Amino acid sequence: MSVVKDLRTSLRTAPLRRPWGPDVPANHVIVCEVTLSDGRAGTGFSWTPQIGAHAVRALLDHDVRDALIGLPAHPELVWDRLSKHLDEAGRGGLTTIALAGVDLALWDLRCGERPLADVLGPRRASVPVYGSGVNLHYPLDELIAQAGRWKAAGFPAVKIKVGRPDLGEDVERVAAVREVVGPDTLLMVDANQRWDLHRARRALAALEPYDLCWIEEPLPADDLPALAELRRGVGVPVAVGENVYTTHGFRDLLVAGACDVVQPNVVRVGGITPFLRIAELARAFDVPVYPHLLTEVSGQLALALPHPAMVELVEDASLADLGLLAEPYPVRVEGAELRSAGRPGLGLTWAT
Ligand SMILES: [Mg+2]
281 MSVVKDLRTS LRTAPLRRPW GPDVPANHVI VCEVTLSDGR AGTGFSWTPQ
331 IGAHAVRALL DHDVRDALIG LPAHPELVWD RLSKHLDEAG RGGLTTIALA
381 GVDLALWDLR CGERPLADVL GPRRASVPVY GSGVNLHYPL DELIAQAGRW
431 KAAGFPAVKI KVGRPDLGED VERVAAVREV VGPDTLLMVD ANQRWDLHRA
481 RRALAALEPY DLCWIEEPLP ADDLPALAEL RRGVGVPVAV GENVYTTHGF
531 RDLLVAGACD VVQPNVVRVG GITPFLRIAE LARAFDVPVY PHLLTEVSGQ
581 LALALPHPAM VELVEDASLA DLGLLAEPYP VRVEGAELRS AGRPGLGLTW
631 AT
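Here the sequence shown is numbered in the working numbering, starting from 281 and rising by one per residue.
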């Protein structure tokens with residue numbers, strides 16, 4: 281088997297056309313190129329919207345590269361080896377974000393000329409995308425305009441942020457979006473861990489008339505007893521996972537009965553290898569997996585997930601929208617359906 285000969289990284293920062301808040305004006309990507317002893321090369325990436333891009337790159341350059349060189353080009357074996365190597369720096373977080381860059385590159389190599397979804401085993405030809413807004417800071421008129429664009433695009437589902445200091449404003453905003461998208465569009469809300477149990481209960485009672493499809497991260501993602509207690513007491517499904525970084529973290533979430541939907545982020549959990557382990561785990565609990573952000577990779581994974589899922593499309597913030605990718609892109613979104621473009625491997629060509 282070929283062994284890894286080198287790892288090269290480069291950091292790209294892409295300004296967001298619609299900033300995700302005053303403190304999130306850009307997204308950062310660390311492109312990772314892994315070359316093998318047989319001359320082949322694969323490309324992956326690490327990603328962070330806000331914190332830690334330079335730290336991730338430093339981990340890759342100073343702590344991952346030397347441990348990686350000489351290992352066989354086998355994603356699962358490499359993941360387990362490097363995860364142990366980085367253990368002292370923490371089981372999840374910056375370490376798993378860094379590991380993702382290598383793991384994605386090794387999966388790119390494993391695929392060879394075949395598209396990722398074909399290698400994983402596609403269970404469906406397309407997956408629906410849903411309109412997702414990082415819009416808690418939008419004035420009401422901008423929020424309504426965004427909902428109007430989603431409605432016009434024909435998305436079957438949309439998601440907005442909640443968790444403003446005044447619950448009355450959340451209710452007003454959810455009501456306005458429900459009015460725009462109509463009764464037949466699924467409507468999700470995302471509190472990004474802003475509530476405590478008491479506030480979450482009050483908010484969900486006040487939002488009950490708007491027929492929510494799920495409440496995402498109502499509470500801190502690691503407060504499993506509180507999530508489980510909330511879930512037992514409310515009728516709205518609970519979605520959690522974008523801030524859970526390890527397979528064991530997902531196991532604990534599922535064992536605690538803390539959620540109805542899990543949302544692993546393929547980069548934050550450390551790449552495709554752990555993502556698939558988490559998906560298999562979720563299947564054992566009969567809980568669907570809805571991948572978090574990163575439409576171009578999440579879409580390819582969702583084609584192969586055991587349960588049908590929707591893929592999140594944040595307005596103007598896919599890797600392609602951000603100008604990080606060059607054409608041809610790995611997925612095509614037509615109307616509200618995403619399909620693989622059939623490109624080899626992960627199909628990611630990074631813009632130069
Ligand atoms: Mg979220």
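Ideal placement from N, C-alpha and C gives every residue a C-beta, glycine not left out. Predicted, not measured: the structure shown is a model, and the values here were computed from it.
Open item on the list: Taking the beta strand (DSSP E) that Ser363 belongs to, which residues open and close that run?
Closed with: Within the sequence shown, residue 363 is the residue found at index 83, counting from 1. Taken as a continuous stretch (DSSP letters only), Ser363 belongs to no beta strand (DSSP E), being part of the alpha helix (DSSP H) at 355 to 366.
Task: Which residues DSSP lists as bridging Glu614, in chain order - done: Numbered from 1 along the sequence shown, position 334 holds the residue referred to as residue 614. Beta-bridge pairing links Glu614 to Glu617.
- [ ] Going by DSSP, name the residue or residues bridged to Glu592.
- [x] Stepping through the sequence shown from its first residue, residue 592 is reached at position 312. Paired residue(s): Tyr410.
Open item on the list: Looking at ligand 1, does it come within less than 6 Å of Glu496, judged from the CB to the closest heavy atom?
Closed with: Stepping through the sequence shown from its first residue, residue 496 is reached at position 216. In this structure, Glu496 has its CB closer than 6 Å to one or more heavy atoms of ligand 1.
Task: Coil, strand or helix - Leu585 by DSSP - done: Counting from 1 along the sequence shown, the entry for residue 585 is found at position 305. In the displayed model, Leu585 falls within coil according to three-state DSSP, outside both helix and strand.
TODO: Consult DSSP for Asp341 and reduce its assignment to one of helix, strand or coil.
DONE: The residue given as residue 341 occupies position 61 in the sequence shown. DSSP places Asp341 in the helix class (H, G or I) of the three-state scheme.
TODO: Could you tell me which residues DSSP puts in a beta bridge with Ser326?
DONE: As a working note, residue 326 is residue 46 in the sequence shown. DSSP, once it has assigned bridges, lists Ile310 as partnering Ser326.
Open item on the list: Measuring straight from C-alpha to C-alpha, what distance separates Arg557 and Asp421?
Closed with: Along the sequence shown, read from residue 1 onward, the residue named residue 557 stands at position 277. Along the sequence shown, read from residue 1 onward, the residue named residue 421 stands at position 141. When rounded, the distance between both Cα atoms is 42 Å.
TODO: Could you check the C-alpha separation between Lys431 and Asp476 for me, to the nearest Å?
DONE: The residue labelled residue 431 in the question sits at position 151 within the sequence shown. The residue labelled residue 476 in the question sits at position 196 within the sequence shown. Approximately 32 Å between the Cα atoms of the pair.
Task: From Gly332, Lys364, Asn472, residue whose alpha carbon lies closest to that of Leu374 - done: Locating residue 374 in the sequence shown gives position 94, counting from the first residue. The shortest C-alpha separation from Leu374 is found at Gly332.
Open item on the list: If you follow the beta strand (DSSP E) that Val438 is in, where does it begin and where does it stop?
Closed with: Counting from 1 along the sequence shown, the entry for residue 438 is found at position 158. Taken as a continuous stretch (DSSP letters only), the beta strand (DSSP E) holding Val438 covers 437 to 441.
Open item on the list: Is any non-hydrogen atom of ligand 1 found closer than 6 Å to the C-beta of Glu522, if you look at the structure I gave you?
Closed with: Position 242 of the sequence shown, counted from the first residue, corresponds to residue 522. Between ligand 1 and Glu522, a heavy atom-to-CB distance of less than 6 Å is present.
- [ ] Tell me whether Pro554 sits in a helix, a strand or coil according to DSSP, three-state version.
- [x] In the sequence shown, residue 554 corresponds to position 274, counting from 1. DSSP, read as helix, strand or coil, puts Pro554 in helix.
- [ ] Could you tell me the distance, in whole angstroms, from the CA atom of Asp450 to the CA atom of Ala480?
- [x] Within the sequence shown, the letter at position 170 stands for residue 450. Within the sequence shown, the letter at position 200 stands for residue 480. In this structure, the CA atom of Asp450 is about 12 Å from the CA atom of Ala480.
- [ ] Please find out if some non-hydrogen atom of ligand 1 comes closer than 6 Å to the beta-carbon of Asp540.
- [x] Reading the sequence shown from its first residue, position 260 is the one you call residue 540. The answer is no for Asp540.
Task: C-beta atoms of Ser326 and Gly381 nearer than 7 Å - done: Translated into the one-based positions of the sequence shown, residue 326 becomes position 46. Translated into the one-based positions of the sequence shown, residue 381 becomes position 101. Result yes, Cβ atoms of Ser326 and Gly381 sit closer than 7 Å.
- [ ] May I ask you to check if the CB of Asp470 is nearer than 6 Å to at least one heavy atom of ligand 1?
- [x] The count along the sequence shown starts at 1 and reaches residue 470 at position 190. Ligand 1 has a heavy atom closer than 6 Å to the beta-carbon of Asp470.
Open item on the list: Quick test of the definition: if touching needs 3 or more C-beta pairs under 8 Å, does the region 502 to 511 touch the region 334 to 350?
Closed with: Touching, no.
Task: Rounded Cβ spacing between Ser634 and Val314 (contact assumed at less than 8 Å) - done: Nothing about residue 634 can be reported from this structure: the residues present for the chain run from 281 to 632 only.
Task: Length-filtered (3 minimum) beta strand (DSSP E) runs lying within the region 492 to 546 - done: For the region 492 to 546, whole beta strand (DSSP E) runs of length 3 or above, ordered along the chain, are 492 to 496, 518 to 520.
Task: Best match in Val542, Leu605, Glu560, Pro554 for proximity to Glu576 [C-alpha to C-alpha] - done: Numbered from its first residue, the sequence shown carries residue 576 at position 296. Restricting attention to Val542, Leu605, Glu560, Pro554, the CA atom closest to the CA of Glu576 is found in Leu605.
TODO: For Trp300, collect the residues of the same chain with a Cβ closer than 7 Å to its Cβ; drop the 5 residues on either side in sequence, then sort them by chain order.
DONE: As a position in the sequence shown, residue 300 is number 20, starting the count at 1. Closer than 7 Å at Cβ, skipping near neighbours: Pro329, Val414.
Open item on the list: Whole angstroms are fine: how far does the CA of His572 sit from the CA of Gln543?
Closed with: On the sequence shown, residue 543 is found 263 positions in, with the first residue counted as 1. On the sequence shown, residue 572 is found 292 positions in, with the first residue counted as 1. Their Cα atoms are separated by approximately 5 Å.
Open item on the list: When you compare the region 545 to 559 with the region 380 to 396, are there three or more beta-carbon pairs, one atom per stretch, that lie closer than 8 Å?
Closed with: Yes, they touch.
Task: Rounded distance between the beta-carbons of Ala353 and Val399, thought under 8 Å - done: The count along the sequence shown starts at 1 and reaches residue 399 at position 119. The count along the sequence shown starts at 1 and reaches residue 353 at position 73. Contact flag wrong, Cβ pair sits at about 14 Å.
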